[in-house]
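Protein chains: 2
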Amino acid sequence: MTEINNTSLPIGVFDSGVGGLTVLKAIREELPQENLVYLGDTARLPYGTKSPASIERYAIQATARLQEQGIKLLVVACNTASAVALDALRRQMEPVPVIGVVEPGAMAAVAARPGGAHLVLATEATVRLGAYREAILARDADAQVREQSCEMLVALAEEGWVVGVIATAIVRRYLDEAREDSFVPDSIILGCTHFPLLRATIVAVAGEGVAVVDSAGTTAAVVRQVLDANAILNDTEKPGRVQLLATDGVTRFARVGGFFLGRSLTADDIELVDL
Amino acid sequence: MTEINNTSLPIGVFDSGVGGLTVLKAIREELPQENLVYLGDTARLPYGTKSPASIERYAIQATARLQEQGIKLLVVACNTASAVALDALRRQMEPVPVIGVVEPGAMAAVAARPGGAHLVLATEATVRLGAYREAILARDADAQVREQSCEMLVALAEEGWVVGVIATAIVRRYLDEAREDSFVPDSIILGCTHFPLLRATIVAVAGEGVAVVDSAGTTAAVVRQVLDANAILNDTEKPGRVQLLATDGVTRFARVGGFFLGRSLTADDIELVDL
Chain P
243 MTEINNTSLP IGVFDSGVGG LTVLKAIREE LPQENLVYLG DTARLPYGTK SPASIERYAI
303 QATARLQEQG IKLLVVACNT ASAVALDALR RQMEPVPVIG VVEPGAMAAV AARPGGAHLV
363 LATEATVRLG AYREAILARD ADAQVREQSC EMLVALAEEG WVVGVIATAI VRRYLDEARE
423 DSFVPDSIIL GCTHFPLLRA TIVAVAGEGV AVVDSAGTTA AVVRQVLDAN AILNDTEKPG
483 RVQLLATDGV TRFARVGGFF LGRSLTADDI ELVDL
Chain R
243 MTEINNTSLP IGVFDSGVGG LTVLKAIREE LPQENLVYLG DTARLPYGTK SPASIERYAI
303 QATARLQEQG IKLLVVACNT ASAVALDALR RQMEPVPVIG VVEPGAMAAV AARPGGAHLV
363 LATEATVRLG AYREAILARD ADAQVREQSC EMLVALAEEG WVVGVIATAI VRRYLDEARE
423 DSFVPDSIIL GCTHFPLLRA TIVAVAGEGV AVVDSAGTTA AVVRQVLDAN AILNDTEKPG
483 RVQLLATDGV TRFARVGGFF LGRSLTADDI ELVDL
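These protein sequence lines are chains P and R, in that order.
For the first sequence, our numbering assigns the number 243 to the initial residue and increments by one for each residue that follows.
For the second sequence, our numbering assigns the number 243 to the initial residue and increments by one for each residue that follows.
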């Protein structure tokens with residue numbers, strides 16, 4: 243318990259790769275005084291097409307590295323790992339609080355469109371587990387939920403092709419598939435941390451009246467609430483430090499991660515860790 | 243040495259995922275009497291965006307599984323692993339002969355267009371190592387080589403979107419990038435085992451007069467030659483057995499693998515192995 247009472251300990255942010263940097267960025271904006279350590283498990287990415295057993299094993303191995311270093315809170319910034327492994331990670335990290343991104347994403351969608359028809363864009367693994375469906379229906383029994391797996395959107399975000407005719411055609415194809423059987427969404431949930439990069443294209447294709455929500459902002463707000471509730475907010479005026487760790491390919495991490503963080507990174511900004 | 247003299251032992255075919263099934267299929271057509279065992283390291287795919295050290299380690303772990311089971315020849319059906327880890331795999335497998343796909347691909351391109359301008363479409367890791375450039379120039383000092391990394395083509399093939407406006411637009415974008423500085427290819431090498439699925443689209447975008455070559459057919463021919471040279475061709479009339487192994491996600495392996503093999507697979511056709 244001593245450890246989690248040390249308010250200057252960093253918040254750990256874990257993702258299968260670089261996508262979770264969108265969540266890191268939102269936490270940084272919400273809580274600029276907090277120290278942050280981000281771990282991208284780039285050696286084993288993507289998680290979204292793997293089996294639940296492998297995803298859980300990888301997530302536990304990776305977050306053990308953050309646990310050793312000492313963190314006061316863990317954010318599981320990967321939708322797939324949040325959907326598959328949150329309970330296992332909570333048992334492992336106890337007494338450190340653990341926040342996933344599925345619940346905040348569901349909260350944001352229900353708040354935006356009460357009783358609405360929600361379309362969840364996510365990875366295969368997240369869709370297979372129906373984690374968003376469960377989280378939304380637990381909050382809003384009148385909601386309708388459709389989940390659509392969209393692996394090509396991950397590739398688009400990683401390639402940096404986030405606007406233009408190709409991105410538009412791919413988004414349109416997935417939305418058309420999801421709209422079969424007269425399902426008309428009034429909210430679209432970006433259920434993978436890669437997808438906020440494609441927000442402008444998704445908004446344009448979805449058209450007016452559709453709320454496009456992601457987990458990042460709501461997750462940052464939940465982080466603040468949990469830190470506050472546990473009396474472990476970092477009580478300082480100084481801007482916090484940000485440490486970036488990856489399990490493989492720091493050069494690629496820097497290049498692709500720059501898109502997500504919205505500023506350029508070099509390989510020297512990333513520390514390679516071996517699991 | 244006893245083992246490799248057992249002609250009924252299977253040929254091992256190793257890939258990071260399902261793409262190498264295009265090579266398995268070509269070997270099956272060339273040598274229908276041979277027993278084949280295919281291992282897709284789906285738990286750690288894709289290799290193409292990872293570091294050379296990780297790729298080598300993964301390839302050695304995965305092929306050790308085939309070595310234990312007993313094989314008379316190893317085909318490294320993954321371009322990335324062939325580019326990065328072929329020497330290490332040869333040391334590990336000795337005295338079992340090991341064939342990669344880069345050399346056969348280079349042979350096919352040089353044969354198709356002597357003194358030609360070759361465009362290699364491949365993964366990031368294969369491009370970074372310049373393996374095709376080296377293999378082509380060693381055979382044909384007059385050749386010109388340009389290498390282009392095309393991660394989106396991997397995603398297209400896995401999603402099964404191999405023809406149509408989206409596939410065409412993506413292929414056109416990569417070919418336009420490659421043609422900058424007035425480089426005019428007269429051969430295109432499909433330097434990733436995923437890309438033969440996109441052959442029709444690539445041929446259509448490339449236009450007349452461009453030879454589109456892949457490794458699969460030439461690799462199968464080289465396999466025959468090496469078996470023959472070592473006097474380990476399976477001397478029987480019976481059709482050989484095919485065994486499919488994967489390190490994760492047999493359901494996805496079956497679904498995506500079916501595209502590559504050109505026939506439908508079910509999860510029961512795939513054996514899950516733990517490395």
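For glycine and all other residues, C-beta sits at the position ideal for the given N, C-alpha and C.
Burial state of residue i, where buried means 16 or more other Cβ atoms lie within 10 Å
i: R:Arg505; result: exposed
i: R:Gly262; result: buried
i: P:Phe425; result: exposed
i: R:Thr244; result: Its pLDDT being 45, under 50, R:Thr244 is placed unreliably in this model, and the coordinates cannot settle the point.
i: R:Pro337; result: exposed
i: R:Glu422; result: exposed
i: P:Asn476; result: buried
i: R:Gly259; result: buried
i: R:Val404; result: buried
i: P:Lys480; result: exposed
i: P:Glu345; result: buried
i: P:Arg494; result: buried
i: P:Glu400; result: buried
C-beta atoms of residue i and residue j nearer than 9 Å
i: P:Leu278; j: P:Asp257; result: no
i: P:Ile302; j: P:Gln334; result: yes
i: P:Gly216; j: P:Ala453; result: Outside the modelled stretch of chain P, which goes from 243 to 517, sits residue 216 of chain P, for which no answer is possible.
i: P:Ile378; j: P:Met394; result: no
i: R:Asp456; j: R:Phe437; result: yes
i: R:Gly290; j: R:Pro252; result: no
i: R:Leu432; j: R:Glu389; result: no
i: R:Pro356; j: R:Asp382; result: yes
i: P:Ala488; j: P:Glu513; result: yes
i: P:Val305; j: P:Gly372; result: The amino acid occupying residue 305 of chain P in the given sequence is Thr; Val does not appear at that position. No, Cβ-Cβ distance for P:Thr305 and P:Gly372 is not below 9 Å.
i: P:Thr508; j: P:Ala496; result: yes
Residue i at chain R interface by Cβ criterion, 9 Å
i: P:Glu513; result: no
i: P:Ala285; result: yes
i: P:Ile408; result: yes
i: P:Met394; result: yes
i: P:Ala257; result: A small fix is needed here, since residue 257 of chain P is Asp in this sequence, not Ala. Not an interface residue.
i: P:Glu479; result: no
i: P:Ile313; result: no
i: P:Gly491; result: yes
i: P:Arg307; result: no
Where residue i sits in the DSSP three-state scheme
i: P:Arg388; result: strand
i: R:Met243; result: Residue placement at R:Met243 is flagged as unreliable, the pLDDT there being 45, under the threshold of 50; the coordinate-derived value follows with that caveat. R:Met243: coil per DSSP, three-state reduction.
i: R:Glu450; result: coil
i: P:Phe425; result: coil
i: R:Tyr280; result: strand
i: R:Val260; result: coil
i: P:Ala473; result: coil
i: P:Gly433; result: coil
i: R:Asp490; result: coil
i: R:Gln311; result: helix
i: R:Gly499; result: helix
i: P:Val515; result: coil
i: P:Ala285; result: coil
i: R:Val265; result: helix
i: P:Leu371; result: helix
i: P:Asp382; result: coil
i: R:Ala359; result: strand
i: R:Leu331; result: helix
Proximity test, Cβ basis, 9 Å: residue i and chain P
i: R:Arg421; result: no
i: R:Arg415; result: yes
i: R:Lys292; result: yes
i: R:Leu398; result: yes
i: R:Ala446; result: no
i: R:Glu389; result: no
i: R:Glu272; result: no
i: R:Asn401; result: Note that residue 401 of chain R is Glu in the sequence shown, not Asn. Yes, its Cβ sits closer than 9 Å to a Cβ of chain P.
Contact belief for residue i with residue j at Cβ below 8 Å, rounded distance in angstroms
i: P:Leu315; j: P:Pro294; result: Actually they do not touch by this definition, with Cβ atoms about 25 Å apart.
i: R:Val468; j: R:Ile341; result: 6 Å
i: P:Val326; j: P:Glu298; result: 6 Å
i: P:Thr284; j: P:Gly491; result: 5 Å
i: P:Thr322; j: P:Thr365; result: 5 Å
i: R:Glu272; j: R:Arg441; result: About 18 Å; that fails the 8 Å criterion.
i: P:Val515; j: P:Arg307; result: 6 Å
i: R:Leu363; j: R:Ile430; result: 6 Å
i: R:Val352; j: R:Ser324; result: Incorrect: roughly 17 Å between the Cβ atoms, too far for contact.
CB contact check: residue i to chain C, cutoff 9 Å
i: P:Ile302; result: In summary, chain C is missing from the structure at hand, where the protein chains are P and R.
Closer than 8 Å: residue i CB and nearest the ligand FMN heavy atom
i: R:Val447; result: You won't find the ligand FMN in this model; it holds no ligand whatsoever.
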